[in-house]
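Undergrad: My questions will all concern the structure given below.
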Amino acid sequence: MKTKVLILASNLQRTTSLGLNQEIRNLSEIIKSSSVCFEIETRLAVRPQDLQTALLEVKPRIVHFCGHGEGELGLVLENNWGQLYLASTNTLADLFRHFSQQIECVLLNACYTQVQAEAIAKHINFVVGMPQPILDRSAIAFSAGFYSALGAGNPIGKAYDFGRNCIHSEFGDLSSSRKLIAVKDKKDIIVPHHLIPKLFTNQSNI
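According to my numbering, the stretch in the sequence shown is residues 595 to 800, in order.
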């Protein structure tokens, strides 16, 4: 049976432009070339009602959101008129509660989504959220590492580790913009906090 991945994308014209087309293209290429049978579905310009409809229709195992987050205010979607709509944390958590037996992992690949990730993790086994802003390059790098590892047969927790490693590799040249300091061990190299996604797990089910 194929593992279904649902990609939800929202990028309003009035908000900061994101590399969503590139990210979605990269995801599709990674999934198609993996050794595991994946099936990918994409929903663009997502509205609140589209979330429930997509989850019911696609029945995904993995949900991947690309877009913007506003912390406590919610996840940025759009309404029927293409205007900004903030999906509240409680609304999102309650929605995913109904899919707790179906969805195994939710990736909120957007800035300031830690609060939503923590709430959704009460119902979904694995949720990835961002505590601070995340650059387009960083989001794409994490996705590449995560899905490549998952496609190679690794469990979600290990795939998350590979995603973080890809961010470290992508931004290994950051030291060139700083004063060079010799280190004794590679583990001493500090990657900026906002480049590192955080993984939240549903402890009651693991």
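Backbone N, C-alpha and C fix where the C-beta goes; we use that ideal spot for every residue, glycine too. For clarity, every value in this text was computed on a predicted model and none was experimentally measured.
Give me the Cβ distance between Ile714 and Ala735, rounded to the nearest whole Å; I'm assuming they're in contact under 8 Å.
TA: As a position in the sequence shown, residue 714 is number 120, starting the count at 1. As a position in the sequence shown, residue 735 is number 141, starting the count at 1. At roughly 23 Å, the Cβ-Cβ gap does not stay under 8 Å, so Ile714 and Ala735 are not in contact.
Undergrad: In whole angstroms, what is the alpha-carbon distance linking Ser611 and Val670?
TA: By one-based count along the sequence shown, residue 611 stands at place 17. By one-based count along the sequence shown, residue 670 stands at place 76. Because Ser611 carries a pLDDT of 48, less than 50, the predicted location of this residue cannot be relied on, and no value is offered for it.
Undergrad: Can you tell which of Tyr741, Ala746, Lys716 and Gly661 has its C-alpha closest to the C-alpha of Phe693?
TA: For this step, residue 693 is matched to residue 99 along the sequence shown. The shortest C-alpha separation from Phe693 is found at Lys716.
Undergrad: Let me check one thing: in DSSP terms, what residues is Val722 bridge-paired to?
TA: Here residue 722 is taken as the residue at index 128 of the sequence shown, counted from 1. Val722 is bridged to Leu701 and Leu793.
Undergrad: Using the Cβ count rule (16 or more neighbours within 10 Å means buried), how would you classify Arg691?
TA: Here residue 691 refers to the residue found at position 97 when the sequence shown is read from its first residue. By the neighbour-count rule (16 or more Cβ atoms within 10 Å), Arg691 is not buried but exposed.
Undergrad: Residues bridged to Val670 by DSSP?
TA: As a position in the sequence shown, residue 670 is number 76, starting the count at 1. DSSP output for Val670 lists Leu680 as bridge partner(s).
Undergrad: For Ala776, does the count of other Cβ atoms within 10 angstroms reach 16, so buried, or fall short, so exposed?
TA: To locate residue 776, count along the sequence shown from 1; it is residue 182. Only weak support is given to the placement of Ala776: the predicted model assigns it a pLDDT of 31, under 50, and the value that follows is read from those uncertain coordinates. Exposed.
Undergrad: For the beta strand (DSSP E) containing Cys660, list its first residue and its last residue.
TA: For the purposes of this step, residue 660 is identified with residue 66 of the sequence shown, where counting begins at 1. Cys660 -> beta strand (DSSP E) spans Ile656 to Cys660.
Undergrad: So, using beta-carbon positions, are Ile718 and Arg655 closer together than 8 Å?
TA: Against the sequence shown, residue 718 aligns to sequence position 124. Against the sequence shown, residue 655 aligns to sequence position 61. Result no, Cβ atoms of Ile718 and Arg655 do not sit closer than 8 Å.
Undergrad: Please name the residue, chosen from Asn615, Glu617 and Lys626, that lies closest to Leu744 on a Cα-to-Cα basis.
TA: On the sequence shown, residue 744 is found 150 positions in, with the first residue counted as 1. With distances taken between Cα atoms, Leu744 lies closest to Lys626.
Undergrad: Does any heavy atom of the ligand FAD sit closer than 7 Å to the C-beta of Gly661?
TA: Judged by which ligands are present, the structure shown has none, so any question about the ligand FAD falls away.
Undergrad: Thr647 bridges to which residues according to DSSP?
TA: Position 53 of the sequence shown, counted from the start, is the residue given in the question as residue 647. Answer by DSSP bridge pairing: none, since Thr647 is not bridged.
Undergrad: Considering Cα atoms alone, identify which of Thr707, Val709, Met595 and Ala733 is closest to Glu764.
TA: One-based indexing of the sequence shown puts residue 764 at position 170. The shortest Cα separation from Glu764 among Thr707, Val709, Met595 and Ala733 belongs to Ala733.
Undergrad: For Ala738 and Ile618, which I take to be in contact (beta-carbon distance under 8 Å), what is that distance rounded to the nearest angstrom?
TA: Locating residue 738 in the sequence shown gives position 144, counting from the first residue. Locating residue 618 in the sequence shown gives position 24, counting from the first residue. No, Ala738 and Ile618 are not in contact; Cβ-Cβ is about 12 Å, not under 8 Å.
Undergrad: Run through DSSP, which three-state label would Gly663 get?
TA: Walking along the sequence shown from the start, residue 663 turns up at place 69. If DSSP states are grouped into helix, strand and coil, Gly663 belongs with the strands.
Undergrad: Measuring straight from C-alpha to C-alpha, what distance separates Ser798 and Ala711?
TA: Here residue 798 refers to the residue found at position 204 of the sequence shown. Here residue 711 refers to the residue found at position 117 of the sequence shown. Whole-angstrom Cα-Cα distance: 16 Å.
Undergrad: Determine whether the beta carbon atoms of Pro791 and Met724 lie at a separation below 8 Å.
TA: Sequence index remark: in the sequence shown, residue 791 carries index 197 (1-based). Sequence index remark: in the sequence shown, residue 724 carries index 130 (1-based). In contact: Pro791 and Met724 (Cβ atoms closer than 8 Å).
Undergrad: Grouping DSSP H, G and I as helix and E and B as strand, with all else coil, what is Ile802?
TA: Nothing about residue 802 can be read from this structure; the chain reaches only from 595 to 800.
Undergrad: Which partner residues does Thr597 have in the DSSP bridge list?
TA: Numbered from its first residue, the sequence shown carries residue 597 at position 3. Paired residues: Phe632.
Undergrad: Under 8 Å by Cβ, that's how I've got Thr683 and Gly668 pegged, so tell me the actual separation to the nearest angstrom.
TA: The residue you call residue 683 lines up with position 89 of the sequence shown. The residue you call residue 668 lines up with position 74 of the sequence shown. At roughly 6 Å, the Cβ-Cβ gap stays under 8 Å, so Thr683 and Gly668 are in contact.
Undergrad: What is the rounded straight-line gap between the Cα of Cys705 and the Cα of Leu729?
TA: Translated into the one-based positions of the sequence shown, residue 705 becomes position 111. Translated into the one-based positions of the sequence shown, residue 729 becomes position 135. Taking the straight line from one Cα to the other gives about 8 Å.
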